[in-house]
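Beneath this line is the structure, given in C-alpha cells, with notes to follow.
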Amino acid sequence: MSDIVFTNVARNFRRDGKEFPALRDINLSVRDKEFLAIVGPSGCGKTTCLRMAAGLEFPTSGTVAVGGVRVTRPGPDRAVVFQQFALFPWKTVAENIGFGLVANGVAAAERARRVADVLKLMNLAGYESAFPHQLSGGMQQRVAIARAYVLDPQVLLMDEPFGALDAQTRVVMQEELVRLARVNPRTVLFITHAVEEAVYLADRVVVMSRRPGTIREIIDVASVRAADSWDRFEKIEDVMDQASFVHLRTHIWRLLREQQAPDDH
Amino acid sequence: MSRRTVVGIATLLAVAGLWYLLTAATGWVGSARFPNPAEFGTAVKQIVTGGYAGARIHEHVLQSCKLVAMGFLVAVSVGLPLGLLMGWNRRAEALINPVFLIIRPIPPLAWIPLAIVWLGLGDGAKIMVIFFAAFVPSVINTHAGIRNIEPFLIEAARMLGVRGPRFVFGVLLPAAAPLIFTGLRLSLQASWTTLVAAELVGALLGLGYVLNAAAQDIFPAMILTGMVFVALSGAASTWLLGRLEQRVTRWRTA
C-alpha cells in the first residue's frame, strides 16, 4: 500500500515574529495508485502539502503518513519533481538520473539497465551525455521525471512540474504523463494552478480555499472519465472538447473564483 | 588568430615601441630612472646566465614559487573546509564568524613582525604571512558559494537519499565550485602580492630578494627584470589554476 494520508494537518508560518495559519484542517487520503491533483489560489498552501508529504516541511499539528509510515524526512521512496527541475548542472543526463541509484547503493550493472529503461520510457535516448543546460525546458523536466521514476518510488510528488514550460511543450508533457501513468501506474500527488491540467490528468481534484488553506471540495474526475471514456482520445484537445470535461472545468473555475481574494481582481 | 589576439599583440608592440622611443631613441627618460630595452636585455642575460643576488634566476623563481605554493595550499586546505562548514552549519558560522571578522581587516603584511618573532627569518615566517593573505578570500568565497546554492538543489539531493561525503563532494562542492574558484584566484593573487613584500624582509633567495638587492644597488634594469619575473610567475600560476578550473567545471562550456 502506497497511500498518502493527511490527518488533521495544520501548518503555521512565522513572519515578523508573528504566527499566522497557512493550512488548516487538512484531512485527505491519496489512495494507492491514484493520481490526485490539488488546485487552489496562490498562497493557499498547496505546495506546502506536497512538501510535507516529501518530508521537506513538517505540520505544526497533525500527521502526514505515506504507506502507513509517518513522514519524518525526505527520501527516495517519495520522489519529488520540482517546478524548477532541480537538475544538477554539472552532471550529465544519465548521471542525473542515476545519482539517486548510486546514493542508494544500486550496483552498476543494474543501475545502467534501469537508467537505460527510463531513458527510453521518457524519450530521452540519445541525450545520455548531454548536460542539462544544453536541453530545452521540456527536455530538462523529462530528465527530472525520469530521475524520480527510476527510483521506483512508492509515491510521486509533482510540484507544478509544467509551470515553467511554454504552452505547447506543456501539452506534450501532459500527454506523456498520461501515457506514463497507464504504462506504470503510481500514487501521484500533483500540484498545479492550471484547472484544465488537473482535470485532464487527475483521478480526483482537490480544490483549496484561499489562506488559511482548507479543502473546499474534492471532485471525482475518474468516474466521469470512465463514463465518457476519455481514454479513447489520444490528444488533449479532443478530451477538452467533451461536454463532461467542460462541465467539470467550469465547476472548478467557479469554486476557485469564489476563493479569489478581493485584491486579486 | 582571433581579432582579440591581434589587438592584444598590437597593444604590446605599441607599448614596447613607446618604451624604446622614450628611453633609447630620445633619452627623455634617463637610465638612472628607467632602463632602456638594451639595458633590460643585459640584466635579464646576467641573472639568467651568471646570476644576481647570490643565485641564478631559476633558483630565485623556484624559491618564490615554493613559498607561494606552500602558503596558498595551506591556506586553501584550511580555508575551504572552514568556508564549507560556515556555509553549511549556522552554529559553526555563529562560532567562527566573530573570530574571522577580527582577523579579516588586518592587512596580511601586519603579520610580518609577529611571524618573524614566532618563526624567525626563514621560510616559515613567509609562508605564515602568505597563509594569512590567501586564507581570507578562500574562506569568504567558499562560504558565499555554499550559501548561494539554490535550496531546491539541496532538497533534490536529500530527496534522492544523497548524504555524507557523497553529498559534500557530489553536491555541495560542485554547486559552489564557480565561487570557490573565484576565491582561489583571489587567494593566489594575494599570495604573490604578499610574497614579494615578505621577501623584502630578511630573505636570501627569491624574487622579492632580487628586487630588494637591485634597489640597494640602484640597478633599475634589474628591478624591472625582477618585476617581469614576478609577473611571469604569477601569470603562470594563474594559468595553471585556470586549467584546473576548466577541468573541474567542464560542464559549463560543454
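Listed in order, the protein sequences are those of chains S and E. Start counting the first sequence at 6; every next residue gets the next number (this note's numbering). Start counting the second sequence at 31; every next residue gets the next number (this note's numbering). Glycine included, each C-beta is placed from N, C-alpha and C at the ideal position. All values reported here derive from a predicted model rather than from experimental measurement.
- A direct Cα-Cα distance of roughly 43 Å separates Thr-72/E from Arg-134/E.
- At least one CB of chain S lies nearer than 7 Å to the CB of Trp-281/E.
- Using a Cβ-Cβ cut-off of 7 Å, Arg-188/E counts as an interface residue toward chain S, since at least one Cβ of chain S sits closer than that to its own.
- When the beta-carbon positions are compared, Phe-162/E and Pro-128/E stay at least 7 Å from each other.
- Near chain E, meaning a CB-to-CB distance below 8 Å, the residues of the region 61-80 of chain S are Leu-61, Arg-78, Pro-79, Gly-80.
- Sequence-distant Cβ neighbours of Ser-249/S in its own chain, meaning closer than 7 Å and more than five residues away, are Val-229, Asp-233.
- Near chain S, meaning a CB-to-CB distance below 7 Å, the residues of the region 160-194 of chain E are Phe-182, Leu-183, Glu-185, Ala-186, Arg-188, Met-189, Leu-190, Gly-191, Val-192.
- Counting the other Cβ atoms within 10 Å of the Cβ of Lys-75/E gives fewer than 16, which makes it exposed.
- By the CB criterion at 7 Å, Ala-220/E and Ala-164/E fall inside the cutoff.
- Trp-258/S is outside the set of residues whose beta carbon lies under 7 Å from a beta carbon in chain E.
- The contact set of Pro-208/E on chain S, defined by CB atoms closer than 9 Å, is empty, because the minimum CB distance reaches about 10 Å.
- C-alpha of Asn-66/E to C-alpha of Leu-241/E: approximately 18 Å in a straight line.
- When rounded, the separation of the alpha-carbon atoms in Cys-54/S and Leu-129/S is 30 Å.
- In terms of Cα proximity to Ala-140/E, the closest of Val-231/E, Arg-196/E, Gly-191/E is Val-231/E.
- The three-state reading of DSSP puts Phe-250/S in helix, counting H, G and I together.
- When Cβ-Cβ separations below 7 Å define contact, Val-85/S makes contact with chain E.
- For the pair Leu-161/S and Ile-9/S, the Cα-to-Cα distance works out to about 10 Å.
- In terms of Cα proximity to Arg-36/S, the closest of Ala-70/S, Val-86/S, Ser-214/S is Ala-70/S.
- Secondary structure of Ala-15/S (DSSP, three-state): strand.
- Taking every protein chain shown into account, the CB of Ile-248/E has fewer than 16 other CB atoms within 10 angstroms, so this residue is exposed.
- Rounded to the nearest whole angstrom, the C-alpha separation of Ala-44/E and Ser-263/E is 23 Å.
- Counting C-beta atoms within 10 angstroms of its own C-beta, Asn-178/E has fewer than 16 neighbours from the protein chains shown and is therefore classed as exposed.
- Its Cα nearest to that of Thr-52/S, the residue Met-163/S stands out among Met-163/S, Asp-236/S, Arg-20/S, Arg-262/S.
- Taking Pro-181/E as reference, the option from Leu-131/E, Val-159/E, Gly-117/E with the minimal CA-CA separation is Gly-117/E.
- Contact between Ile-224/S and Val-210/S holds, with the beta-carbon distance rounding to 5 Å and staying under 8 Å.
- Per DSSP, Leu-33/S lies in no alpha helix (DSSP H) segment; the continuous beta strand (DSSP E) that holds it begins and ends at 23-35.
- Among the residues facing chain S, Ala-266/E is not included, as its CB has no counterpart in that chain under 7 Å away.
- Annotation: Arg-277/E has no Cβ neighbours in chain S at a cutoff of 7 Å; minimum Cβ distance is about 12 Å.
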